[in-house]
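Structure first, then comments.
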Amino acid sequence: MLRRRFWLSITVCAAIFVVVSVSAPLIGSAHIDYTRALNGQSPDREILFYARIPRILLAILAGGALTLTGVLFQALLRDPLAEPFTLGISSGSSLGAVIAISLGLTTVAGIPAVLFTAFAGAAATLAIVLGIAFEGRRISSFTLLLAGVSINSISMAIILFLHNLASVSQSFAITRWLMGGLDSIEYRVLGGIAAIVLPVCALIFWRARDWNLLAVGEEWAAARGVPASKLLIGGYIAGSLMTASVTAFTGPIGFIGLIVPHGLRMALGADHRVLIPCSFFLGASFLIVCDTLARTVLAPTEIPVGVITAMLGGPFFIWLLRSRRRSLWL
Amino acid sequence: MSFDLTAVGLHYGAAEVLADVTARFRPGELVAIVGPNGAGKSTLLGIMAGLRHGYSGRCYYRERDILVWRRRAFARCVSFVPQSLKVDFPFNAEQVVTMGRTPYGGGLFETDEDHDAVERAMKITDTLAFRNRDFRSLSGGERQRVVIASALAQSPETLLLDEPTTYLDLKHQVETYRLLRDLAREGMLAVAITHDLNLALTYADRVLMLRAGRVVADGAPHDVLTAGRIHEVFSVTADLRNGNGDSRPWIVYAP
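Here you go:
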C-alpha cells in the first residue's frame with residue numbers, strides 16, 4: 000500500500016515539476032520558441048540559454064532546497080511553523096554574504112567567499128535561536144519564532160548599515176540580500192550549488208524513516224534505536240548548509256518552506272518518505288511559478304521573487320499561527 | 000537474568016531522585032512498580048530503557064551494561080511505552096505502530112515480516128478498527144493502546160511501561176493487564192508502573208515499591224501490599240479483603 004502511494008505521489012509531483020520547468024522558460028517579455036533556440040537562431044538562443052534557463056535552474060535548486068529545509072526543521076523542532084526564514088537563518092545567512100562583499104572578499108581557494116560567510120551566518124543564527132528557545136531539554140515554539148523574528152530584524156539592520164557604508168558598486172550588489180531574488184547566474188556557479196544541495200537532499204531522503212520518529216519525539220526515536228542526538232545535529236547542519244548555499248546567491252527568500260510542506264501533509268500525510276521527494280519537486284515548481292510572476296507582472300520591470308513569496312507566505316503563516324493556537328487551546 | 004540493577008542512584012542537582020536501587024528482573028515476570036508521586040518510578044524505568052544517563056551504580060541487561068549495548072540491538076530486545084505521547088503531525092494509527100519496526104528496518108520500505116508484526120500487534124491491542132485514523136483525533140485511551148501496539152510491534156522480549164492504563168476505561172485496563180500477564184506467561188518480562196494497587200495485586204507476579212527514590216519492598220504482591228505498608232508509604236488507611244474461592248485479595252480504602 001505504501002509502495003503504491005509512494006510511487007503515485009512522486010510521479011504526480013514529478014510530472015507537475017517537469018511541466019512547470021519546461022513551460023516557464025517560454026513565458027516572458029520576449030516571445031521565444033524552443034525550435035528556433037535549438038537551431039541556434041538569435042536572439043532566441045541567447046535568451047533561452049543565457050537568461051531564462053539558468054534562472055529557472057537556480058529557482059529549482061533554491062525552491063527545492065529551501066522547502067526541504069523547511070520539512071527537515073519542522074520535523075526536528077516538531078513545529079510546523081519552522082522554516083529557514085521564520086527561524087532567521089535566511090537573514091543570518093544573507094548577513095554573512097553581505098559581510099564578505101563589504102570586506103571585498105571574492106574567492107577563497109577558487110570557491111566564492113560568500114558561500115563560506117553565508118554558511119557561518121546560517122550556522123551562527125541557528126545556534127543563537129536554538130540557544131534562546133531551549134528551556135532545559137524542551138523547546139518553546141513561541142520563543143523559537145520570536146527569536147527568529149528578532150534575529151531577522153537585527154540581521155537586516157546590520158545589512159542596511161553596511162549598505163550605507165558601502166561604495167556604489169558594492170551597495171548595488173548588497174541590495175540583493177535585502178530582499179531575495181533570482182538572477183541568471185553562470186552555469187559554473189549553478190553546478191557548484193547543485194554539488195552541495197543535491198547530495199544533501201539525497202542524504203536527507205536516505206534517512207526518511209528516522210525523521211518520522213524524530214517528528215514524534217526524541218525519546219520516541221531513541222527508544223527505537225534511532226541515533227537521535229546525532230541525527231538532530233546532522234539535520235541542523237544539513238539544513239544550514241542548504242540554506243546558506245542558496246541564500247549566498249539569492250538573498251533571503253521567505254516562507255517557501257511553509258506552504259508546500261503544509262499542503263502536502265494535509266493531502267498525503269506526514270510520512271517523510273513521501274514528503275521529502277514531493278516537497279522538493281513541488282517546492283521547486285512553486286518558486287518557478289513565483290519567479291515567473293515576478294518577471295512578468297510589472298514587465299518590463301522585474302520585482303524580486305522574495306516580494307511574491309512574502310505576499311503569499313506571510314498571510315499563510317498568520318493563518319497557520321491562528322489555527323494552531325486554536326488546536327492548542329482545545 | 001534480564002535486568003540486573005546494582006546500587007542505582009540519580010541526582011538532579013542537590014535533589015536525590017533515586018538512591019541505592021538494587022533489583023533483578025527475570026524473564027517471565029510481570030512486575031508492578033508502585034509508589035507515591037515523586038518516588039522515582041519513571042526515572043528508574045527511563046534508566047532501564049536506556050533513555051536516562053548520568054546515573055551512578057550499574058544497570059545490566061542480559062549480563063551487559065546497557066550503556067554498552069548498541070541502541071538498535073537493544074531496541075530489538077526492550078521496548079518502552081511512555082506515559083503519554085503528543086504528536087504534532089498527521090500520522091495515522093498504523094504509521095505510529097509501524098514505527099516500532101524501525102530497529103529491524105534497513106531499506107526504505109517495510110518488509111512483509113514488518114507488516115505481519117504490525118497486524119498482530121494491532122489485533123491484540125484492539126486497534127485495527129481505527130488504523131487509518133489520524134493519531135491526534137483518537138481518544139486518550141485509543142492513543143494509549145496504539146502506543147502499546149507500537150511497543151509490541153518491536154517484537155521485544157522485555158516491555159517497560161510507564162503507567163500504561165492511565166487513560167484507559169475499565170475494560171481496557173483489565174484487558175491490558177491480562178495481556179501483560181499472558182505475555183509474561185509466554186516468557187516475556189513486563190515491568191509496569193501503576194497507581195492502581197488492586198491491578199497490581201490481581202495481575203502482577205511481583206511488586207516493587209518505591210518511596211523517595213528508595214526501594215521499600217520487593218516481592219510477591221500479597222507480601223508487599225499489606226495494610227501496614229500502604230499506610231506507611233501512601234498515608235492511606237486501607238484494608239485487605241479476601242476474595243471468594245481462589246481469587247486474590249483486594250484492597251479496600253477507608254471511606
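Listed in order, the protein sequences are those of chains A and B. Numbering that gives the first Met the number 0 applies: residue 0 is where the first sequence begins, and numbers increase by one. Numbering that gives the first Met the number 0 applies: residue 0 is where the second sequence begins, and numbers increase by one. Cβ coordinates follow ideal geometry from the N, Cα and C atoms, glycine included. Bear in mind that the values here come from a model prediction, so they are computed numbers and not experimental data.
Quick check on the DSSP output: the alpha helix (DSSP H) that includes B/Phe233 runs from which residue to which?
226–233
Below 8 angstroms on C-beta distance, what does A/Ala221 contact in chain B?
Gly49, Leu50, Arg70
Simplified DSSP assignment, three categories, for A/Ser175
Inspection of the sequence shows that residue 175 of chain A is occupied by Arg rather than by Ser. If DSSP states are grouped into helix, strand and coil, A/Arg175 belongs with coil.
Can you tell me whether B/Ala189 is helix, strand or coil according to DSSP?
strand
Can you give me the Cβ contacts of B/Arg75 inside the same chain, cut-off strictly under 6 angstroms, excluding the 5 residues immediately before and after it?
Pro102
Pair within 9 angstroms by beta-carbon distance, B/Ala31 and B/Gly99:
no
Could you tell me which chain B residues have their CB closer than 8 angstroms to the CB of A/Pro226, listed as they occur along the chain?
Arg70
By how many angstroms is the C-alpha of A/Trp205 removed from the C-alpha of A/Lys229?
15 angstroms
Taking only runs of the beta strand (DSSP E) that begin and end inside the stretch 135–175 of chain B, which ones reach a length of at least 3 residues, in chain order?
157–161
Does the count of Cβ pairs from the stretch 10–27 of chain B and the stretch 311–321 of chain A closer than 8 angstroms reach three?
no
For the ligand ATP, is there any heavy atom lying closer than 8 angstroms to the beta carbon of B/Leu169?
Absence of the ligand ATP from the depicted structure is noted, as is the absence of any ligand whatsoever, leaving it without description.
C-beta neighbour in chain B for A/Val336, strict 9 angstroms:
Given a span of 0 to 329 for chain A in the structure shown, any question on residue 336 of chain A remains unanswerable.
Other residues of its chain near A/Leu47: CB distance less than 8 angstroms, five sequence neighbours each side excluded
Pro24, Ile31, Tyr33, Ala36
Closest to A/His271 by C-alpha separation, out of A/Gly256, A/Thr10, A/Asp209, would be which residue?
A/Asp209
Just list the residues that DSSP pairs B/Trp249 with in beta bridges.
B/Arg240
Would you say A/Phe5 faces chain B, with C-beta separation under 9 angstroms as the test?
yes
What separation, rounded to the nearest whole angstrom, lies between the Cα atoms of A/Arg2 and A/Val273?
10 angstroms
What three-state label does DSSP hand B/Leu4 in the structure shown?
strand
Paired residues, beta bridge with B/Met208 - DSSP
B/Val33, B/Ala216
Does B/Thr101 get closer than 9 angstroms to chain A when you measure Cβ to Cβ?
yes
What does DSSP give as the partner residues of A/Ile110 in its beta bridges?
A/Val107
Check the Cβ of A/Pro79 against every Cβ in chain B and list those closer than 9 angstroms, keeping chain order.
Asp87, Phe88
B/Ala18 versus chain A: which residues are under 8 angstroms apart at the beta carbon?
Simply none; closest approach about 23 angstroms.
Count the other C-beta atoms from every protein chain shown that fall within 10 angstroms of the C-beta of A/Leu329, then say buried if there are 16 or more, exposed otherwise.
Unreliable positioning characterises A/Leu329 in this predicted model, as indicated by a pLDDT of 32, which lies under 50. The coordinate reading is nonetheless provided below. Label assigned to A/Leu329: exposed.
Measuring CB to CB, does A/Met241 end up less than 9 angstroms from A/Leu65?
yes
Considering Cα atoms alone, identify which of A/Ala96, A/Val148, A/Thr249 is closest to A/Ala81.
A/Val148
Given 8 angstroms as the limit, is there contact between the stretch 160–169 of chain A and the stretch 90–106 of chain A, that is, 3 or more CB pairs closer than that?
yes
In the DSSP assignment, find the alpha helix (DSSP H) that holds B/Leu336 and state where it starts and stops.
An answer regarding residue 336 of chain B cannot be provided, because it is not within the stretch 0 to 254 covered by chain B.
Closer than 8 angstroms between beta carbons: that is the criterion. Which residues of the stretch 150–172 of chain B meet it against chain A?
Gln153
Within 10 angstroms of its Cβ, does A/Leu327 collect 16 or more other Cβ (buried), or is it exposed?
Only weak support exists for where A/Leu327 lies, its pLDDT of 44 falling under 50; the value from the coordinates is given anyway. It counts as exposed.
Quick check: the Cα distance between B/Ala189 and B/Ala128, rounded to an integer number of angstroms?
26 angstroms
Per-residue contacts from A/Arg2 into chain B (C-beta, under 7 angstroms):
Phe108
With A/Ile307 and A/Ala293 assumed to form a contact (beta carbons below 8 angstroms), what rounded beta-carbon distance in angstroms separates them?
5 angstroms
I need the boundaries of the beta strand (DSSP E) containing B/Tyr60, first residue and last residue.
55–60
Can a CB atom of chain B be found closer than 9 angstroms to the CB of A/Val215?
yes
Can you name the residues of chain B whose CB is closer than 8 angstroms to the CB of A/Ala269?
Phe88, Pro89, Phe90, Gln94
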